[in-house]
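Colleague: This structure is in structure tokens; I'll ask about it shortly.
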Amino acid sequence: MNIAKTILLAAIAALATACSTTQSQVNGSKDNPAVLKDAFEDKFYMGTALNLDQIRGRNAAAVSVVKKQFNAVVAENCMKSMYLQPREGEFYFNDADQFVEFGESNNMHIVGHTLIWHSQAPNWFFKDGDGNDVSKEVLVARMRNHITTVVSRYKGRIKGWDVVNEAILDNGEWRESKFYKIIGKDFIKLAFEFAHAADPDAELYYNDYSTAVPSKREGIVNMVKNLQAQGVKIHGIGMQEHHQLDNPSVEEVEKTILAFAGLGVHVMVTEMDITVLPPPSRHITAEVSENFAYNKEMNPYVDSLPANKARELDERYREFFALYLKHQDKISRVTLWGVGDGDSWRNGWPMRGRTDYPLLFDRQYKPKPVVGELIKMAMQND
246 MNIAKTILLA AIAALATACS TTQSQVNGSK DNPAVLKDAF EDKFYMGTAL
296 NLDQIRGRNA AAVSVVKKQF NAVVAENCMK SMYLQPREGE FYFNDADQFV
346 EFGESNNMHI VGHTLIWHSQ APNWFFKDGD GNDVSKEVLV ARMRNHITTV
396 VSRYKGRIKG WDVVNEAILD NGEWRESKFY KIIGKDFIKL AFEFAHAADP
446 DAELYYNDYS TAVPSKREGI VNMVKNLQAQ GVKIHGIGMQ EHHQLDNPSV
496 EEVEKTILAF AGLGVHVMVT EMDITVLPPP SRHITAEVSE NFAYNKEMNP
546 YVDSLPANKA RELDERYREF FALYLKHQDK ISRVTLWGVG DGDSWRNGWP
596 MRGRTDYPLL FDRQYKPKPV VGELIKMAMQ ND
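In my numbering, the protein residues as written are 246 to 627.
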């Protein structure tokens, strides 16, 4: 074989190897997966929340990321009661149907969110024809009809439901919502019972934010214990995990995981994001009713995120995922609250008009460097 031919063959072999390596990096392999859902497959579901543009297929880039990276989905808004039943007895299921069909067509774990929540319930739910609060009996009947109609429609298709959302305050006391004021503490028990009757095979969850606050954690634990003592079917507790760069501490989150798991239920990270923006108040949680007037000083990263802040965000995600991996035997799902930074509610809450960077994918739906690091962490944890 002459020298020229040897060089040519060597070059071809090198090119083939390079192409193979590049393709492996793009597609991943069993030993080196390139996507989140594969890396965490034997640990917990990796999920994301979908908005209407994604559910309706109008955002192809986001949909591509969802299909490639995640194996669990939840609807960000379209399954809340104000959208499903805007007027009494008039149900609107078009968007919810599309959401469920998307999850089914992509073989995903589907979560329904949320059946009973004070914040995005339609006004008619609590009022009579004269604008006065309805009786306990009327509100219970409306709850029963709403839950039964919605859960029955997706019986056997939706795997788990956020039955009740945010009923406990940070101080551990019960939130005095309309549900609480009119029905009392039994509204949660009734909600879970109605959901279980409509689909006995569905998992049923309680979901809340700031669960790492000790007083709130204790309040939730006591509430769940009380439900369990009454024989109520509750399968999991969702920690929303709307975090800041310096709050809460990983140690307090770990205490919450252990406390919730000690109740014999699944623990789920249900709405994770990490804001990089300065809080407009010293005490800021994830209470959607909190709103502040726009302040330019509170919006420091309009054009891009500085490298040092990006590193802080990456490190924060690494810390939390290291914790979730440590307790993978207790955690059944980790869900990011949005696909890309531009989708996040953090851009408009608690102050409208800001630019935040709280998720794992940027505004062009490109993975941030930490995504690869999380995949590596998961593989090293096998």
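Idealized CB from N, CA, C, for every residue including glycine.
1) Quick one: Cα of aspartate 287 to Cα of serine 455, how far?
2) How is tyrosine 290 classed by DSSP in three states: helix, strand or coil?
3) Helix, strand or coil for leucine 570 per DSSP?
4) What is the DSSP secondary structure of leucine 472, reduced to helix, strand or coil?
5) Less than 8 Å between the C-beta atoms of leucine 360 and phenylalanine 371, yes or no?
6) For aspartate 607 versus glycine 585, is the C-beta spacing smaller than 8 Å?
7) Considering only their Cβ atoms, is the gap separating leucine 472 from valine 630 smaller than 8 Å?
8) Tell me whether histidine 480 sits in a helix, a strand or coil according to DSSP, three-state version.
9) Going by beta carbon distance, what residues of the same chain come within less than 7 Å of histidine 441, once the five residues before and after it are set aside?
10) Here's a check: name, in chain order, each residue in its chain whose Cβ is nearer than 8 Å to the Cβ of leucine 619, leaving out the five neighbours to either side.
11) Taking only the alpha-carbon atoms, compute the straight-line gap between tyrosine 451 and aspartate 559 and give it to the nearest angstrom.
12) What do you reckon, are the CB atoms on serine 577 and tyrosine 399 nearer than 8 Å?
13) Could you tell me the distance, in whole angstroms, from the CA atom of phenylalanine 439 to the CA atom of proline 459?
14) Which one of Ser350, Ala555, Leu522 and Ile300 has the shortest CA to CA distance from aspartate 601?
15) Once the 5 residues before and after phenylalanine 537 are set aside, which same chain residues still bring their CB inside 6 Å of it?
16) Rounded to whole angstroms, what's the CA-CA distance from proline 493 to glutamine 485? Just pull it up for me.
17) How would you label histidine 354, buried or exposed, when you count the other beta carbons within 10 angstroms and need 16 or more for buried?
18) How about glutamate 411 and tryptophan 362: are their beta carbons less than 8 Å apart?
19) What's the C-alpha gap between aspartate 453 and isoleucine 413?
20) Please list the segments of the beta strand (DSSP E) lying wholly inside the segment 289-362, counting only runs of 3 or more residues, in order along the chain.
21) I believe isoleucine 427 touches lysine 381 by the beta-carbon criterion, under 8 Å. Please report the beta-carbon distance rounded to the nearest angstrom.
22) Here's a check: name, in chain order, each residue in its chain whose Cβ is nearer than 6 Å to the Cβ of tryptophan 369, leaving out the five neighbours to either side.
23) Quick one: Cα of glutamate 321 to Cα of histidine 480, how far?
24) Express the C-alpha separation of alanine 279 and glutamine 270 in angstroms, rounding to a whole number.
25) Run through DSSP, which three-state label would phenylalanine 439 get?
26) Would you mind stating whether glutamine 299 and methionine 327 have Cβ atoms separated by less than 8 Å?
27) Quick check: what's the CA-CA separation for methionine 543 versus glutamate 532?
28) If distances are taken between C-alpha atoms only, which option among Ala457, Leu295, Ala307 and Asp431 comes closest to glycine 417?
29) For serine 534, count neighbouring Cβ atoms within 10 angstroms of its own Cβ and tell me buried if that reaches 16, exposed if not.
30) I need the straight-line Cα distance from asparagine 402 to valine 308, nearest angstrom please.
31) Check whether chain C comes within 8 Å of asparagine 452, counting only Cβ atoms and requiring the distance to be less than that.
32) What beta strand (DSSP E) runs, 3 residues minimum, are completely inside the segment 495-549?
33) Using the beta-carbon count (16 or more within 10 Å), is serine 549 buried or exposed?
34) Distance, Cα to Cα, aspartate 444 vs serine 397?
Modeller: Reading it off the structure:
1) 28 Å
2) strand
3) helix
4) helix
5) no
6) yes
7) Residue 630 is absent from the structure shown; the chain starts at 246 and stops at 627.
8) coil
9) Leu449 and Lys478
10) Leu281, Ala284, Tyr562, Arg563, Phe566 and Leu605
11) 29 Å
12) no
13) 30 Å
14) Leu522
15) Pro525, Pro595 and Met596
16) 12 Å
17) buried
18) yes
19) 8 Å
20) 290-295, 317-320 and 354-362
21) 6 Å
22) Glu333
23) 21 Å
24) For glutamine 270, the predicted structure reports a pLDDT of 37, less than 50, and the residue's modelled location is therefore unreliable. A value from the coordinates is still provided. Taking the straight line joining both Cα atoms gives about 7 Å.
25) helix
26) no
27) 18 Å
28) Ala457
29) exposed
30) Checking the displayed sequence, the identity of residue 402 turns out to be arginine instead of asparagine. One C-alpha to the other measures close to 21 Å.
31) Looking for chain C here will not work: only one protein chain is present.
32) 511-520
33) exposed
34) 6 Å
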